Amino acid sequence: MLFTKTDIPGATLVELQKFEDERGFFARGWCSREFAEQGLPDHVVQVNISYNRHKHTLRGFHYQLAPHGEDKMLRCIRGSLYDVLIDLRPESPTYKQHLTVELSAANQRMLVIPKGCANAFLTIEDHTEATYLVSEFYAPAAERGVRWNDSAFAVKWPVDEPAVISDKDRTWPDYAE
Ligand SMILES: Cc1cn([C@H]2C[C@H](O)[C@@H](COP(=O)(O)OP(=O)(O)O[C@H]3O[C@@H](C)C(=O)[C@@H](O)[C@H]3O)O2)c(=O)[nH]c1=O
69 MLFTKTDIPG ATLVELQKFE DERGFFARGW CSREFAEQGL PDHVVQVNIS YNRHKHTLRG
129 FHYQLAPHGE DKMLRCIRGS LYDVLIDLRP ESPTYKQHLT VELSAANQRM LVIPKGCANA
189 FLTIEDHTEA TYLVSEFYAP AAERGVRWND SAFAVKWPVD EPAVISDKDR TWPDYAE
């Protein structure tokens, strides 16, 4: 795997290292040993699948409070999506900053989303599917969200309005520090 750090501590792009031959290729999608060597999450308890019927479906922003904070390792396996990660760790030098990355079945990239960061994505094709590894179990009582268009973060999305969004995600309150 090929690791590229971003400006947000711990947020990392992971690309496949392909062993190609006439059959196609082989690549590791995730490896606890390689991740540990990079100081990245090496523990997974859940693998989630997110299928999105329509282009411009928006999910998020979501995160879980400590001690249920989740490291997530997200990959798009069908179609494409525009992912946004917000750093919500007050002790981080990039607190309240965000990064955007396009993940697609074509580019096969994985984004590592460290615990304490909120994540959201907008699909940019119909029938987009993502899969992500998670380091902690789902804990609905610890789940929090940030509204996709909260002015505290000034995220520039590729569309003015999502085509599909849950009521939960449409109505998260303004972010309070
Ligand atoms: C996330 C999750 C949801 N659920 C259930 C709760 C609910 O009934 C149904 C749908 O949940 P949601 O609407 O919260 O699903 P969704 O909006 O897809 O939530 C996801 O959004 C992206 C952006 C993330 O970063 C993920 O960590 C996760 O929070 O699935 C689980 O059982 N386990 C889980 O781990």
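Numbered by this note's numbering, the letters in the sequence shown go through residues 69 to 245 in order.
Ideal Cβ placement from N, Cα and C applies to all residues, glycine included.
On a predicted model such as this, the values are computed, not experimentally measured, just so you know.
Item                                                                                                                                                       : Value
For ALA207 and PHE71, I'd like the C-alpha separation in whole angstroms.                                                                                  : 29 Å
Using DSSP with H/G/I as helix, E/B as strand and the rest coil, what is ARG101?                                                                           : helix
For the beta strand (DSSP E) containing PHE212, list its first residue and its last residue.                                                               : Sequence check: residue 212 is Arg here, not Phe. 211-213 is the span of the beta strand (DSSP E), which, as asked, contains ARG212.
Taking the beta strand (DSSP E) that ARG146 belongs to, which residues open and close that run?                                                            : 140-146
Where does ARG127 sit, in a helix, a strand or coil, going by DSSP?                                                                                        : strand
Nearest to THR74 by CA position, among GLU193, HIS166, TRP98 and LYS183, is which residue?                                                                 : HIS166
The alpha helix (DSSP H) that contains LYS236, what's its start and end?                                                                                   : 235-238
Should SER203 be listed as close to ligand 1, given that the test is whether its C-beta is under 7 Å from any heavy atom?                                  : no
For ligand 1, I want to know if TYR206 counts as a neighbour, meaning its beta carbon is within less than 7 Å of at least one of the ligand's heavy atoms. : yes
What does DSSP give as the partner residues of GLY92 in its beta bridges?                                                                                  : ASP89
Cβ atoms of PHE189 and GLY128: under 8 Å apart, would you say?                                                                                             : yes
Here's the rule I'm using: 16 or more other beta-carbon atoms within 10 Å means buried, otherwise exposed. How should CYS99 be labelled?                   : exposed
May I ask you to list the residues that DSSP assigns as paired with LEU108?                                                                                : Paired residue(s): none; LEU108 is not in a bridge.
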